[in-house]
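Protein chains in written order, with our numbering: chain A, 1 to 245; chain B, 1001 to 1354.
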């Protein structure tokens, strides 16, 4: 294979730009981190709420939780993103829709975070529900018997244990958020995937070098998430509470 | 490719198995098997019964002849032609939405101006190799993978819409320029926009992973205007942005703009306006340092230009109703393309800058 290798490409300046390709990758990494972390935080909050709603005795609230999960979990993330970007603005009143389409600041970023956080929240909700349901019903009854309200039982008895139990699947979900954020290039967020596509084009076809760099950066993001969650898992461990050693 | 001293000196191989490791990859199993037969017959010859002998000798002669004819071919052919001869197949790289050069018709079959030219080249390959039944495979490529797929041998001839520029010539070679594109912009007629400078502060769409992104950047820098760029993941998405007012203009190669407009719901609502941001030669792409195949491709394309066949194809794809909607692009031939046909060349985009 007569491939023209050029690992120095990262330090070459992009034509008609003040940046090097390395700067570009850093900009891409920045947007990937921004989209992923924002989506993770919002997803975790919404997912926790919806996960709890799925387990409460109130049927209407439980239905909301279930509907939320099934809606956002059963549609591919790319399709959801395109729906939010191309379809939803058409359903808004015309002037508001035009503002969203043309003048809303950081419109690609906001749309990407919205789509990714809703998608992530549906998956986190299921994990939270699983964590809660893995506890024996006696825990909940004990809380209520102590005179706690339903909300207090969740806050002080159930959730502290449930969240500790689901740290391993949450770790995977956190890592997935970084990987899923790659779809945001489809609506024009300057993330790592976008940058690598553009870099392939403007570097004269240095595909292997470009994709290697993008791969390493995605890998490092996911690995960092994994290590962070590992630390949290260790720090939050309460000996004897669940099945701890 | 490894050649042992014994092979190079033209002597028959000592042992088949010792030979196996040093095979030229593309010669492959066919000659491996022939050599096994050759060795087996050669060593068995002495023990043959008299009545079998003539038949076996004839077989031996056939084995030797086919070996030596292959040796002659191996001397004559190299690069892509040898690969095609040995594998019995040629692979064309196709694009699915680069109208009207290479795109899908209503039956999901790839058609277009470059596809027609490529099949002319395939005919020339068939004639040269005397393989009328050569198998032709179509492999879809994208702007991301087309160069690596040509370089690594997956695709022999890329028939999409690839700009020939100096950077790419380090990796691949190009056939003579068969189309010249001008990067311009599509707008809604109702917007009244006629020039890029009217777009300051407005959203302008282009497609990720294309040279148009860089062009807009340099235009911004040069003219000190500030667009709000929005990016579609493919041309259809970028056009959708224009259609849905997410962008007031779509900057892209003019043939792609014309093709997207022709296939839109209301073609008369759009216009291609403004000066050319850039002029780029588009050509069929092949492997570098492959003089035999390059000569065949060049001769075929130049022959089509000389005979006027290329003009007929241009009329068929750019000035007549084409699939899938039977719409006519009405895309008259540019002066640059007329010049490239009058004087066939594979000059890179850099030579088109004024």
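Note that the Cβ used here is the ideal one computed from N, Cα and C, for glycine as well.
It should be emphasised that the depicted structure is a prediction, and the values quoted were computed from it without experimental measurement.
Interface criterion met: the Cβ of residue 1147/B is under 8 Å from a Cβ in chain A. Residue-level contact check: residue 1267/B does not touch chain A, since none of the beta carbons of chain A fall below 8 Å from its beta carbon. Per DSSP, residue 148/A has no beta bridge partner at all. Nearest to residue 1258/B by alpha-carbon distance, out of 1212/B, 1331/B, 1248/B, is 1331/B. Counting C-beta pairs closer than 8 Å gives fewer than three between the stretch 146 to 157 of chain A and the stretch 88 to 102 of chain A, which falls short of the contact rule. At least one beta carbon of chain B lies nearer than 8 Å to the beta carbon of residue 200/A.
Residues of the stretch 177 to 197 of chain A with a C-beta less than 7 Å from any C-beta of chain B: 185, 186, 188, 194, 197, listed in chain order. In the pairwise beta carbon analysis, the stretch 118 to 138 of chain A is classified as touching the stretch 45 to 55 of chain A: at least three pairs are separated by under 8 Å.
Checking the DSSP bridge columns, you'll see residue 1231/B partnered with 1206/B. Of all C-beta pairs linking the stretch 1160 to 1174 of chain B to the stretch 1127 to 1135 of chain B, fewer than three are shorter than 8 Å, placing the two stretches out of contact.
Close partners of residue 1203/B in chain A (Cβ separation under 7 Å): 102. Residue 1167/B has a beta carbon lying within less than 8 Å of a beta carbon in chain A. When rounded, the separation of the alpha-carbon atoms in residue 197/A and residue 1126/B is 36 Å. Here the alpha carbon of residue 1144/B sits roughly 7 Å from the alpha carbon of residue 207/A. DSSP places residue 1107/B outside both helix and strand once states are collapsed to three, so it counts as coil. Counting of Cβ neighbours within 10 angstroms places residue 1109/B among the exposed residues, the total staying below 16. If you look at residue 1300/B, you'll find it in the alpha helix (DSSP H) that goes 1291 to 1307.
The Cβ of residue 1308/B sits no closer than 8 Å to any Cβ of chain A.
Taking a Cβ-Cβ threshold of 7 Å, the residues of chain B close to residue 98/A are 1245, in chain order. Apart from sequence neighbours up to five positions away, the residues of its chain that approach residue 1115/B with a beta-carbon distance below 6 Å are 1102, 1159, ordered along the chain. At least 8 Å separates the CB of residue 1223/B from every CB of chain A. The C-alpha of residue 38/A lies about 8 Å from the C-alpha of residue 117/A. In the DSSP assignment, residue 183/A falls outside any beta strand (DSSP E) and carries neither an H nor an E. Residue 163/A has its alpha-carbon roughly 11 Å from the corresponding atom of residue 157/A.
Secondary structure of residue 225/A (DSSP, three-state): helix. Rounded to whole angstroms, residue 80/A and residue 188/A show a C-alpha spacing of 15 Å. Listed as beta-bridge partners of residue 1139/B by DSSP are 1093/B.
Spatial neighbours of residue 22/A in its own chain (CB-CB distance under 8 Å, excluding positions within 5 residues in sequence) are listed in chain order as 10, 11. For residue 3/A, the closest Cβ of chain B is nearer than 8 Å. Taking each of 1341/B, 1205/B, 1221/B, 1235/B in turn and checking the Cα distance to residue 1187/B, the smallest one comes out for 1205/B. Contact annotation for residue 1209/B against chain A: 197, 198, 200, 201 [CB-CB distance below 8 Å, chain order]. Residue 97/A: member of the alpha helix (DSSP H) spanning 94 to 98, first to last residue.
Taking 8 Å as the cut-off, the Cβ atoms of residue 1093/B and residue 1139/B count as close. In this structure, the alpha-carbon of residue 60/A lies about 10 Å from that of residue 54/A.
In the displayed model, residue 1321/B falls within a strand according to three-state DSSP.
Using a Cβ-Cβ cut-off of 9 Å, residue 86/A is close to 1237, 1240, 1241, 1244, 1246 of chain B, given in chain order.
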